[in-house]
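Asks: Residue numbers (full-length UniProt numbering): 1 to 477.
1) Rounding to the nearest angstrom, what Cα-Cα distance links residue 266 and residue 152 in this structure?
2) With burial defined as no fewer than 16 other Cβ atoms inside 10 Å of the residue's Cβ, what is the status of residue 121: buried or exposed?
3) To test your reading of the DSSP string, which unbroken beta strand (DSSP E) runs of 3 or more residues are found completely within the segment 232-293?
4) Pull up the distance between the alpha-carbon of residue 272 and that of residue 187, whole angstroms please.
5) If you compare alpha carbons, which of 181, 68, 332, 177 is closest to residue 96?
6) Given residue 340, which residues of its chain have a CB within under 8 Å of its CB, disregarding the five upstream and five downstream residues?
7) What do you get for residue 217, buried or exposed, if any count of 16 or more other CB atoms within 10 angstroms of its CB means buried?
8) Do the CB positions of residue 129 and residue 269 come within less than 7 Å of each other?
9) For a test of the three-state rule: what should DSSP assign to residue 367, helix, strand or coil?
10) Are the CB atoms of residue 286 and residue 138 within a distance shorter than 7 Å?
11) Please state whether DSSP places residue 385 in a helix, a strand or coil.
12) What does the alpha-carbon distance come out to for the pair residue 245 and residue 175?
13) Report all residues from its chain with a CB closer than 7 Å to the CB of residue 227; omit the five preceding and five following residues, and keep chain order.
14) Inspect the beta-carbon positions of residue 145 and residue 279 and report whether they are closer than 7 Å.
15) Distance check for residue 371 and residue 503, CA to CA, integer angstroms please.
16) Please report the straight-line C-alpha distance between residue 373 and residue 362, rounded to a whole angstrom.
17) Given a threshold of 16 other Cβ atoms within 10 Å of its Cβ, counted over all protein chains shown, does residue 383 qualify as buried or as exposed?
18) Does residue 219 pass the burial test, meaning 16 or more other C-beta atoms within 10 Å, or should it be called exposed?
19) Taking the Cβ atom as the reference point for each residue, do residue 251 and residue 184 lie within a distance shorter than 7 Å?
20) How many Å lie between residue 148 and residue 127 at the Cα?
21) Check whether the segment 342-357 and the segment 99-109 are in contact - that is, three or more C-beta pairs closer than 8 Å.
22) State the Cα-Cα distance for the pair residue 67 and residue 344, rounded to the nearest angstrom.
23) Less than 8 Å between the CB atoms is what I'm expecting for residue 163 and residue 258, so what's the real figure, rounded?
24) Please say whether residue 142 and residue 300 have beta carbons closer to each other than 7 Å?
25) Within 10 angstroms of the Cβ of residue 113, are there 16 or more other Cβ atoms? Answer buried if so, exposed if not.
26) Would you tell me roughly how many angstroms separate the C-alpha atoms of residue 235 and residue 242, rounded to the nearest one?
27) Measure the CB-CB distance between residue 290 and residue 136 and report whether it falls below 7 Å.
28) Beta-carbon separation of residue 230 and residue 191 under 7 Å?
29) Taking residue 159 as the reference, give the member of 305, 262, 193, 94 with the closest Cα.
30) Could you check if residue 165 is buried or exposed, using at least 16 other CB atoms within 10 Å of its CB as the buried criterion?
31) Ignore the nearest five residues each way along the sequence and tell me which others in residue 253's own chain have a CB closer than 8 Å to its CB.
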């Protein structure tokens, strides 16, 4: 029959019951620290996570959590100081930019006002010059008009007199020609009457005498010749009369043309007189408006000069006020700059102090790391001797003859307990896997004295030498 002890052992063989009991024990408040993993258990390096380079308990090293908390606090302080410095720098830069922008705006406004004044003065001068040239042009046009009108009237009168004289001459010639034509016509009529009378007498004589005498025949021939001559003269006179009629018609046409020209000149003269009167009225009105404009410009210039004098006085007063204000602002900025420089110097001193504190803390960490490296080296050496050593204790103690030990040296004694690990693959780990930090990775601040190296191994003769300053004692149990 199975005993109670065997039944309890059989209960532990069940995996489900074993897990349940492990959970119950883990939830017990008294066993909370028992199941908490140590710091060495968290550092699992190597094959199968079995490589534990140190077996130092929590009480044997510095509190890393406290160091981390202090480091975070220092980082927060450094960040806050950095924020304060950046804030102060940004405030100073913003103040400087605001003042610079205000000065730029004032300068811009002042330059624009000066440019506006110059443009207004230029416009006034251009308007004055334009009015002066317009007045000169109107005066020149009036003089030209007066001179042209005077000469035109004189020329028109002279031309009218000349044409009237020519017309009178042509009328006299026309009358003479008409008298000559009338006289010639009367002569022609008289000769025709004489010819008709002579023919009648000849006819009557021929009826009375059938055969004319010789004397009458010669007289008849003479008369015929005379008639022929008179007819030729008559034809010549008729041709001359036709020529005179043609010339008279041409003269009549020329007289009509001259009359039309005289009428046009008279109309033009009337039109020029009317234009002269209108231009005289326009010149008078322009002269009057020019006088009024000059008076208004004079008043405007006087007002503008008074306004400029007033503005100049106001600008002088404002410039004095601006100078006073700028002087105060410069003094205030200098004082604020001095305060900021003092604050920056204070912050720099604080940063230097924090840096020195950190350097000291890192030096302490470096010393602790050195001790851990020494312990790692010793433990690795002991692990290689696991076949012959079961339990070993190592202590460092100074060898001083015939004297008491210093209390500080007694406190500096270091004692380690090394236990060989059980299990497989304890001798296959190399030195590189157990190395925490290489010698080349050490970093010391410039003002911190480097730590001494780990104690070297003593040979057999050195251990027998009595004058050695320090000896290593290894007790193997």
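For each residue, glycine too, the CB sits at the ideal point set by N, CA and C.
Replies: In terms of the structure at hand:
1) The residue labelled residue 266 in the question sits at position 266 within the chain shown. The residue labelled residue 152 in the question sits at position 152 within the chain shown. Distance from the CA of residue 266 to the CA of residue 152, rounded to the nearest whole angstrom, comes to 12 Å.
2) Taking the first residue of the chain shown as position 1, residue 121 is located at position 121. With a 10 Å radius around the Cβ and a threshold of 16 neighbouring Cβ atoms, residue 121 comes out exposed.
3) If we require 3 residues or more, the segment 232-293 turns out to have no beta strand (DSSP E) run fully inside it.
4) Taking the chain shown and counting its residues from 1, one reaches residue 272 at position 272. Taking the chain shown and counting its residues from 1, one reaches residue 187 at position 187. Cα-Cα distance, rounded: 55 Å.
5) Reading the chain shown from its first residue, position 96 is the one you call residue 96. Distances from the alpha-carbon of residue 96 to those of 181, 68, 332, 177 put 332 closest.
6) Against the chain shown, residue 340 aligns to sequence position 340. Sequence-distant Cβ neighbours of residue 340 in its own chain, meaning closer than 8 Å and more than five residues away, are 88, 92.
7) As a working mapping, residue 217 is identified with position 217 in the chain shown. Flag for residue 217 reads exposed.
8) For the purposes of this step, residue 129 is identified with residue 129 of the chain shown, where counting begins at 1. For the purposes of this step, residue 269 is identified with residue 269 of the chain shown, where counting begins at 1. It is not a contact, given that the beta carbons lie outside the stated cut-off.
9) By one-based count along the chain shown, residue 367 stands at place 367. Here residue 367 sits in helix by DSSP.
10) On the chain shown, residue 138 is found 138 positions in, with the first residue counted as 1. On the chain shown, residue 286 is found 286 positions in, with the first residue counted as 1. Yes, Cβ-Cβ distance for residue 138 and residue 286 is below 7 Å.
11) As a position in the chain shown, residue 385 is number 385, starting the count at 1. When secondary structure is reduced to three states using DSSP, residue 385 falls in the coil class, being assigned neither helix nor strand.
12) Taking the chain shown and counting its residues from 1, the one referred to as residue 245 is at position 245. Taking the chain shown and counting its residues from 1, the one referred to as residue 175 is at position 175. About 12 Å.
13) Here the question's residue 227 lines up with position 227 in the chain shown. 195.
14) In the chain shown, the residue the question calls residue 145 occupies position 145. In the chain shown, the residue the question calls residue 279 occupies position 279. At the C-beta level, residue 145 and residue 279 come within 7 Å of one another.
15) Nothing can be reported for residue 503, as the shown portion of the chain is limited to 1 through 477.
16) On the chain shown, residue 373 is found 373 positions in, with the first residue counted as 1. On the chain shown, residue 362 is found 362 positions in, with the first residue counted as 1. Near 16 Å, if we compare the C-alpha coordinates of residue 362 and residue 373.
17) Locating residue 383 in the chain shown gives position 383, counting from the first residue. Residue 383 comes out buried.
18) Sequence index remark: in the chain shown, residue 219 carries index 219 (1-based). Counting of Cβ neighbours within 10 angstroms places residue 219 among the exposed residues, the total staying below 16.
19) On the chain shown, position 251 is the one that residue 251 refers to. On the chain shown, position 184 is the one that residue 184 refers to. For residue 251 and residue 184, no; Cβs fall outside 7 Å.
20) Here residue 148 is taken as the residue at index 148 of the chain shown, counted from 1. Here residue 127 is taken as the residue at index 127 of the chain shown, counted from 1. Cα atoms of residue 148 and residue 127: separation of roughly 31 Å, rounded to the nearest angstrom.
21) When C-beta atoms of the segment 342-357 are compared with those of the segment 99-109, fewer than three pairs fall below 8 Å, so the two segments do not count as touching.
22) As a position in the chain shown, residue 67 is number 67, starting the count at 1. As a position in the chain shown, residue 344 is number 344, starting the count at 1. Rounded to whole angstroms, residue 67 to residue 344 spans 28 Å at the Cα level.
23) Taking the chain shown and counting its residues from 1, the one referred to as residue 163 is at position 163. Taking the chain shown and counting its residues from 1, the one referred to as residue 258 is at position 258. About 5 Å separates the beta carbon of residue 163 from that of residue 258, a gap short enough to meet the 8 Å contact definition.
24) As a position in the chain shown, residue 300 is number 300, starting the count at 1. As a position in the chain shown, residue 142 is number 142, starting the count at 1. Not in contact: residue 300 and residue 142 (Cβ atoms no closer than 7 Å).
25) For the purposes of this step, residue 113 is identified with residue 113 of the chain shown, where counting begins at 1. Under this definition residue 113 is an exposed residue.
26) Position 235 of the chain shown, counting from 1, holds the residue named residue 235. Position 242 of the chain shown, counting from 1, holds the residue named residue 242. Pairing residue 235 with residue 242, the inter-Cα distance amounts to about 10 Å.
27) Taking the chain shown and counting its residues from 1, the one referred to as residue 290 is at position 290. Taking the chain shown and counting its residues from 1, the one referred to as residue 136 is at position 136. Going by C-beta atoms, residue 290 is not nearer than 7 Å to residue 136.
28) Here the question's residue 230 lines up with position 230 in the chain shown. Here the question's residue 191 lines up with position 191 in the chain shown. It is a contact, given that the beta carbons lie within the stated cut-off.
29) Position 159 of the chain shown, counting from 1, holds the residue named residue 159. Residue 159 has its Cα closest to that of 262, out of 305, 262, 193, 94.
30) Taking the first residue of the chain shown as position 1, residue 165 is located at position 165. By the 10 Å Cβ count, residue 165 comes out exposed.
31) Stepping through the chain shown from its first residue, residue 253 is reached at position 253. For residue 253, there are no CB contacts under 8 Å within the same chain when 5 residues up- and downstream are skipped.
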